[in-house]
Structures are given as C-alpha cells and as structure tokens.
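The letter at position 383 of the sequence shown is residue 1728 when you use my numbering, and the numbering goes up by one with no holes.
Glycine residues also receive a C-beta, built at the ideal position from the N, C-alpha and C atoms.
Note sheet for the following structure.
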Amino acid sequence: YLLVFLSLYYLNPTAGLKTFIFFAYLLLGLLLIGFLIIKPLLSMLKLGKHLSFDEASVIIGNHFSDIKDKLLNTLQLHKLSENLPENNQLIMASIDQKILELKPVPFYTAVRINDNRKYLKYLFVPLSIILLIALIAPAILREGTNSFFKYDEYIAPNAPFSFTVLNKNLAVTQGDDVTINLKLAGNELPAEVYVEDGKNTYKLKKETLSQFNYNIKNIQSDKKLIFKGGGFSSSVFTVTVKPRPELLNASATLNYPSYLGKKAEVIANVGDILLPEGTRVTWSFKTGQSNSLLFTLNGKEIVLKVDDDESAFNATIRNNSKYSISPKNDFVTLSDSLSHQITVIKDQSPAIQIEEKPDSISNKAIYFSGQVTDDYGFSRLSFKYNIRENNKVISTVSKNISIKTNITENRFFFFWDLKSALAKPGQEIEYYFEVADNDGVNGSKITRSEIKTFKQPTKKETAEQVSANSQALKQKVQSAIRLANTVEKESKKVAESLIDKKQISFEDKKQIEALLDKQKQLDEAVKQIKEQNDKNIQQQEDQLQTEELLEKQKQIKDLFDHVLDEKTKELLKKLQNLMNEKNKDQ
1346 YLLVFLSLYY LNPTAGLKTF IFFAYLLLGL LLIGFLIIKP LLSMLKLGKH
1396 LSFDEASVII GNHFSDIKDK LLNTLQLHKL SENLPENNQL IMASIDQKIL
1446 ELKPVPFYTA VRINDNRKYL KYLFVPLSII LLIALIAPAI LREGTNSFFK
1496 YDEYIAPNAP FSFTVLNKNL AVTQGDDVTI NLKLAGNELP AEVYVEDGKN
1546 TYKLKKETLS QFNYNIKNIQ SDKKLIFKGG GFSSSVFTVT VKPRPELLNA
1596 SATLNYPSYL GKKAEVIANV GDILLPEGTR VTWSFKTGQS NSLLFTLNGK
1646 EIVLKVDDDE SAFNATIRNN SKYSISPKND FVTLSDSLSH QITVIKDQSP
1696 AIQIEEKPDS ISNKAIYFSG QVTDDYGFSR LSFKYNIREN NKVISTVSKN
1746 ISIKTNITEN RFFFFWDLKS ALAKPGQEIE YYFEVADNDG VNGSKITRSE
1796 IKTFKQPTKK ETAEQVSANS QALKQKVQSA IRLANTVEKE SKKVAESLID
1846 KKQISFEDKK QIEALLDKQK QLDEAVKQIK EQNDKNIQQQ EDQLQTEELL
1896 EKQKQIKDLF DHVLDEKTKE LLKKLQNLMN EKNKDQ
C-alpha cells in the first residue's frame, strides 16, 4: 500500500500505467485473500480438496512425536477393519482403546502464536511510516489515494502556475475544426507550452505571455489533452466529439399529373428541380448517425423520423418553392444545410389563330382556316355563334370541330353557311372559335378567337342597298356601252381602211392594237359587271323584291345583252386573226 501511494504521488504516472498498477494491486490482493483466508476456510468447512487421514497424521506426528506411533497404529487398525469385516468387533475395541490414549493430548499447543510474533516487525515499519506521513504531510496519502482510485485519469503534480482552458465547452461536432485556448496563471510562467495529443506532442502557438492556442482540424474522435510546460503537466482535458448527423444521399421520384401521359421519373442526388405544375414529389433520404430530419418546405418545418438510416417525404407541388434538409441527432442539428429551388412549369393557356375568307359569290358563306397550339394538348375545339336582337342574346349555337387532342398543334378548316343560322332581318350574329386545353390540375383553360359580328340587314336596308348597287351597276353598264360603241365604230373604220390594202402598214398595226386593247378593257368591264350583278341577285334572294327593283334588274340585263352586237364581235375576231397572221409573216 505504502509503495503504491507514494509512487503515485511522486512519480505522477500516466493514466495507462496507473491503470496497470490499479488492477495489479487488486489482483495481488485477491490472490492473498484467496490463499490465506478463503482456502483455509474451505478446508475447515470440508469443502473442496482437503487432507487425507494419513497426511493429517504425519503433520500431527511432527508436532507431537510421543503419539506419532499411536496415531499411525489407530489408522492402520481402521483400514484393517475395512479389509477383515469378520474380526470387526475385536478391531473396533482396539481402536477405541487407542482413542482413549490420544484424548489427553492438547492439540491446541500445536499452534505456536509466539512463533508468528517475529513477523510483526515487518508490519510495524510500514505502519509507522504511514502514521508519520499522516501526521506530517497528509496530502501525500490523500492525493495518492485519490490518484489511485482515479486510475483512468492523469493527475498532474502541483505546479507554480495553473493551466486554464478558456473554452466554455469542449464538446464539438465530428468533422469540425476546434481551437483550444489555454491561459497560464502564476508567478513563474514557462516560455513554451506543449500539448500531448495521444502519442504525439505539439508545440502551442503563443499569443501573449500567458495565452496559447492549439488548433485541431477535422476532429473525428474524443481527444485527451495534457498540456506541459516548465517541467509540469496539466490535468487531462477531454475534447468530446459528438457524432455529426449526415445526409448521405437524397433522391426524388416525380409522379407527373396523369393527363400529361408521362412515366414517373427518378432523380438521383436531387437538388434543384424543374417540374410541371401538380407533380407529386417523393423524396427519399439515406442518413448516417441521425435519428430525424428537419425538412423545410417554403418556410414550413416538418420533422421526419429516421428508421434504419432511411426517411421519406412527399408533397404535391403547385407553385415555385424552396426546400432544405437538415439531419439531426440527440446532440447536433446541422444548421448549414443547402437550400434548393423547385421551379414549376405552369400549364399555359392554348393559343388560336384564325384566317377568314368570304365566299367569292355568296355573301352568306365564309371559309375559315386556323391553327391551335398548347403545351400539352387539347380537350375540345368548337365554333360558336350568338344571335342578338335589341342587344340581347336570344340563341347560342356551338359546333364541335374534330381535332387530335393528344398533340400540341392542330391545323383545321371550317365552312360556315350563314343561312344555317336562320337569322332574321335586323338581327346580329356574333361568331368566334373556342379552344380548351387538357389541364388536369386546374381545369381546362379556354381561349377564344377574336369575336366578329355580322349584321343581317333589315328589309328596308336591303332594298336601299340593292337599289344603290343597281344604280351603280347601271352606270357601269352605260360606260361599257359607250366603250362598246367606240370599239364598234373604230373597228368598222379600220376594216374599211384595210379592204384595198394588200399589206398592213405600221400605223395600221398600231390602230388595230389600240382597238384590241379597248376590246380587252371592254371584256374586263363586262366581267366585273356580271360578277356585281350576281352579287346583287344573291343579296336579294332572301328579300321580297319590289316591282321597282325587278324593273331595274331587267333594265340592267337588257343593257348588258346589247353591249356589243354579233357583227362587231365577229369583226373584232377577224381583226385579231389578221394581226396574228401578220405577226407570223414578220
């Protein structure tokens, strides 16, 4: 005991050596207790291995020589009784006689207490030293005993200065960098301070006369630090490393809205995401040293439970969003998690382009050609018109137009006969096209083409318009007749001048060309008059024609029929043929 505690006080062994001394001392104590106390006690209780009668008789005979032979004879008679059972009574009588002879022997005299007193001097010396130390320097026993029982800690000797770690907390997160700030206080301070970090020793960086620091990069496990300076050592300072929760992997499964017709997609190592509106996102996480995850979506925090280092979360995304993931455990919540952006592609409204062309003959027929486009597809395309009277809608008609709904672009053609609308004179017809997309998240979005209006004229307006058109047409016919008369006169004049000529001169040729040009102008004017006349007839077909209108129409027809007589037409044809022949000769 004395040797152990004095060595612990003066030598200040390391924690490893102290641990060895502690357990060696305990083992030695247990062995002594076993051999000196437990083993004899077991023998007294006749437990375990014990002496045979013969061995015991030899030991007793060595202490009492005068009964050695008697004790031996008694044991021999006992064995003889076992071998000769027929003489058992005689032998047992002899044994009883021997026992009576042995009873007077004082066996307690075999234990010579005085012989053990010689060992007291060996006990007296250490006890005296212990008592002396207890009186003069009790701190030796107290601190030595304290150091003994704190066998796994290094107990530094008292120095003329103190080592103080200024860090408020020596618990750090795994993988972090930590700076240990040390301050010395005392009258005599060492110029240099070292730190024992495991098997290695490093010199501390000196900031001031009394302050030093030690940097540890990327710390991974607990560290026991002992600072040394001026031949003295500090107590052990333990830097405790808390396990860092880790997000090892994050993936996302994108389940798109069904109307898009797209298969689910898995994104490994997910970060920023670009997706259509209404997509359901399922995040899957693989963690390390974590018991929960803090998932933040648009500022809303959700704590996710971690089972077998795995966790998951799902949400339907409708708008642009931000999310972040922070792994947690009982010690640490990471605060430096990255924030990621979710960009949502909104389903756009469909677009429509229409080209409208009226029928060249009928003013009550319209041809349409158009194109519709959308980002994902369509649900329907229709042509609609409203019949209005006195600023009120009295009927609405919708006609569906066949298109392919699962493509993003369609071209179409449509013919509309206004007669089918059955609009009455004075009523208005509003008409337009309407296309709807296939948005399965917000519902179909509808886009209309430009709304156009067709006004069905009243009977009076129609009559006035027909009258005005007829008057204008009459003027055109009269002008055409004047031109026809000119052509007729000039053609006769040219024909007469060529009767006696065998060859056409240059001037004759010019006259004929000018005459033929006028004839072409006349043909074009006649064509226009005819088209205008047909339109007038078409315009009147749904109206009750008055006698005045019918009379004007008859006059126009008569004028038109007599623009050129047949003789003039025949003459012009001959002149044209003559010109063609002369051109061939030249």
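* Would you kindly report the start and end of the unbroken beta strand (DSSP E) that includes Tyr1539? => The count along the sequence shown starts at 1 and reaches residue 1539 at position 194. Unbroken beta strand (DSSP E) run through Tyr1539: Tyr1539 to Asp1542.
* Beta-carbon separation (whole angstroms), Arg1589 vs Val1648, contact threshold 8 Å -> Locating residue 1589 in the sequence shown gives position 244, counting from the first residue. Locating residue 1648 in the sequence shown gives position 303, counting from the first residue. Not a contact, Cβ separation roughly 19 Å.
* Reduced DSSP category for Gly1574 - H, G, I as helix; E, B as strand; rest coil -> Residue mapping note: residue 1574 aligns to position 229 of the sequence shown, counting from 1. Assigned with DSSP and collapsed to three states, Gly1574 falls in strand.
* When you compare each of Gln1772, Ile1564, Asn1503 and Ala1660 to Lys1737 by their alpha carbons, which one comes out closest? -> As a working mapping, residue 1737 is identified with position 392 in the sequence shown. It is Gln1772 whose Cα lies nearest to the Cα of Lys1737.
* Taking DSSP as the reference, what is the three-state secondary structure of Arg1589? -> In the sequence shown, counting from the first residue as 1, residue 1589 sits at position 244. When DSSP states are grouped into helix, strand and coil, Arg1589 belongs to the coil group.
* To do: Would you kindly check if the distance between the Cβ of Arg1793 and the Cβ of Tyr1777 is under 8 Å?
  => Position 432 of the sequence shown holds residue 1777. Position 448 of the sequence shown holds residue 1793. Yes, these two residues count as a Cβ contact at 8 Å.
* To do: Use the C-beta contact count for Gly1623: other C-beta atoms within 10 angstroms, 16 or more gives buried, fewer gives exposed.
  => Position 278 of the sequence shown, counted from the start, is the residue given in the question as residue 1623. By the 10 Å Cβ count, Gly1623 comes out buried.
* To do: List the endpoints of the continuous alpha helix (DSSP H) containing Lys1363.
  => In the sequence shown, the residue the question calls residue 1363 occupies position 18. Residues Ala1360 to Ile1378.
* **Environment of Asn1928 [buried if 16+ CB atoms lie within 10 Å]** => Within the sequence shown, numbered from 1, the residue matching residue 1928 stands at position 583. At Asn1928 the pLDDT is 49, less than 50, meaning the model places this residue with poor confidence and gives no usable figure here.
* CB contact flag (Arg1564, Val1510, <8 Å) -> Taking the first residue of the sequence shown as 1, we reach residue 1564 at position 219. Taking the first residue of the sequence shown as 1, we reach residue 1510 at position 165. Note that residue 1564 is Ile in the sequence shown here, rather than Arg. With contacts defined by Cβ atoms closer than 8 Å, Ile1564 and Val1510 do not form a contacting pair.
* To do: Using three-state DSSP, classify Phe1851 as helix, strand or coil.
  => Here the question's residue 1851 lines up with position 506 in the sequence shown. Correct three-state label for Phe1851: helix.
* Asked: How is the beta strand (DSSP E) around Pro1672 delimited, first residue to last?
  -> Here residue 1672 refers to the residue found at position 327 of the sequence shown. Its beta strand (DSSP E) spans residues Ser1666 to Lys1673.
* Check whether the segment 1824-1840 touches the segment 1784-1792, counting contact only when three or more Cβ pairs, one atom from each stretch, lie closer than 8 Å. => no
* Asked: How far does the beta strand (DSSP E) with Ser1724 in it reach, from first residue to last?
  -> What you label residue 1724 is simply residue 379 of the sequence shown in a count that begins at 1. Looking at the DSSP string, the run of the beta strand (DSSP E) that includes Ser1724 is Phe1723 to Glu1734.
* What residues are listed by DSSP as bridge partners for Ser1842? -> The sequence position of residue 1842 within the sequence shown is 497, counting from 1. DSSP, once it has assigned bridges, lists no residue as partnering Ser1842.
* Alpha carbon to alpha carbon, what distance is there between Pro1672 and Gln1686? -> Along the sequence shown, one-based indexing puts residue 1686 at 341. Along the sequence shown, one-based indexing puts residue 1672 at 327. When rounded, the distance between both Cα atoms is 19 Å.
* Among the residues of its own chain, which have a CB less than 6 Å from the CB of Thr1583, if the five just before and after it don't count? -> Counted from its first residue, the sequence shown places residue 1583 at position 238. Cβ neighbours of Thr1583 beyond the five flanking positions: Lys1569.
* At least 3 beta-carbon pairs within less than 8 Å: the segment 1548-1565 vs the segment 1595-1603 -> no
* To do: Could you spell out the range, first to last residue, of the beta strand (DSSP E) harbouring Thr1792?
  => Residue numbering aside, residue 1792 sits at position 447 when the sequence shown is read from its first letter. Residues Ile1791 to Arg1793.
* Asked: How big is the Cα-Cα spacing for Ser1473 and Asn1491?
  -> Position 128 of the sequence shown, counted from the start, is the residue given in the question as residue 1473. Position 146 of the sequence shown, counted from the start, is the residue given in the question as residue 1491. Rounded to whole angstroms, Ser1473 to Asn1491 spans 21 Å at the Cα level.
* Asked: Tell me which same chain residues have a C-beta within less than 7 Å of the C-beta of Gln1516, skipping the five on either side of it?
  -> Stepping through the sequence shown from its first residue, residue 1516 is reached at position 171. At residue 1516 the sequence reads Ala, which differs from the Gln that was named. Once the five neighbours on either side are set aside, the close Cβ partners of Ala1516 are Thr1585 and Lys1587.
* Which class does Val1349 belong to by DSSP, given the choice of helix, strand or coil? -> Counting from 1 along the sequence shown, the entry for residue 1349 is found at position 4. In the structure shown, Val1349 sits in a helix (DSSP, three-state: H, G or I).
* Measure the alpha-carbon distance for Arg1663 versus Tyr1721 and round it to whole angstroms. => As a working mapping, residue 1663 is identified with position 318 in the sequence shown. As a working mapping, residue 1721 is identified with position 376 in the sequence shown. Answer to the nearest angstrom: the Cα atoms are 17 Å apart.
* **Beta carbon of Phe1508 nearer than 8 Å to that of Ser1579** => As a first step, residue 1508 must be located in the sequence shown, where it is residue number 163. As a first step, residue 1579 must be located in the sequence shown, where it is residue number 234. Yes, they are a contact pair.
* To do: Leaving out five residues on either side along the sequence, give the residues of the same chain with a beta carbon under 7 Å from the beta carbon of Asp1654.
  => Residue mapping note: residue 1654 aligns to position 309 of the sequence shown, counting from 1. Excluding residues within five positions, the ones whose Cβ falls inside 7 Å are Lys1631, Thr1632 and Gly1633.
* To do: Using the DSSP secondary-structure output, state which residues sit across from Leu1599 in a beta bridge.
  => In the sequence shown, the residue the question calls residue 1599 occupies position 254. In DSSP, Leu1599 forms a bridge with Glu1610 and Val1626.
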